[in-house]
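Residue numbers (the working numbering): 10 to 197. Each remark here refers to the structure printed beneath this line.
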Amino acid sequence: GVPRVEATLRCPAGGAVLRLVQTRHVPASSAATGGALWTIPVCARYPGTAGKSTTACTLLAEPAGELVLDHATACPAWVALNADGAGYYRAIVRDAAGRALLTSLTTNRALADTDRLTAISDATALVASGHVSEREVLDALPALAVAPSRHLRVLVAKHLAGLREHLVPVEVDPNYRRLVTKLFAKPA
């Protein structure tokens with residue numbers, strides 16, 4: 010497996026801190042166990058000022074640590090835990106800031122395309138391992154299916170194909186087909 014970094018956002022008066030925990034990311038069907046420890050450079054992107062974003066970084070060398078979001082003057086609405094997709098780890102933010110990231114992937118102008126691609130790729134992998142609910146990802150897919158980035162649309166299509174293969178019972182397959190048609194059909 011690869012490292013998985015989970016974060017929980019805490020917002021003491023006048024600032025913000027991510028509580029980080031690293032574990033081994035393995036598929037749900039794997040018999041592998043945790044216990045691995047990595048030294049992971051972790052960089053997070055979060056809202057800055059004037060509609061721009063800013064980043065904060067740390068080196069996570071212990072099972073748990075903290076990342077102070079130095080430029081946060083309030084609790085950030087969203088956090089991209091693997092800024093620019095530059096880290097070799099699966100990332101998940103376990104609170105409203107993580108859900109807000111997924112639901113704002115196409116509208117959030119402060120995110121780079123690499124942040125968007127990383128977020129949906131991580132979410133898909135985390136669904137497969139049982140660490141994120143399918144519902145959280147499905148809620149974000151309609152907006153992503155019409156994203157300007159071809160790469161994002163391809164990731165959405167791959168996620169939907171995997172969903173059909175593993176989770177869609179035969180009796181609801183017509184509903185699945187209608188969803189795919191609705192998401193990807195070209196407007197008349």
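By construction, the Cβ of each residue, glycine as well, lies at the ideal position given by its N, Cα and C atoms. Quick caveat: nothing in here was measured; it's all calculated off a predicted structure.
Residue i, enclosing beta strand (DSSP E) - first and last residue
i    : result
R19  : V11 to R19
R33  : V26 to H34
G107 : Taken as a continuous stretch (DSSP letters only), G107 belongs to no beta strand (DSSP E), being part of the alpha helix (DSSP H) at A105 to T112.
T64  : S62 to L69
Cβ distance (whole Å) where residue i is taken to contact residue j below 8 Å
i    : j    : result
A16  : R28  : 7 Å
A154 : L192 : 4 Å
R54  : A86  : Not really, about 12 Å apart at Cβ, beyond 8 Å.
A161 : R125 : The question names Ala, but residue 161 is Leu in the sequence shown. Correct: roughly 6 Å between the Cβ atoms.
R13  : R99  : 4 Å
Exposure label - residue i; buried when at least 16 CB within 10 Å
i    : result
G107 : buried
L172 : buried
D182 : exposed
Y97  : exposed
S130 : buried
A95  : exposed
Span separating the alpha-carbon of residue i from that of residue j
i    : j    : result
G57  : R118 : 12 Å
H168 : A59  : 34 Å
A91  : A128 : Rather than Ala, the amino acid found at residue 91 in this sequence is Asn. One C-alpha to the other measures close to 8 Å.
A137 : T67  : 28 Å
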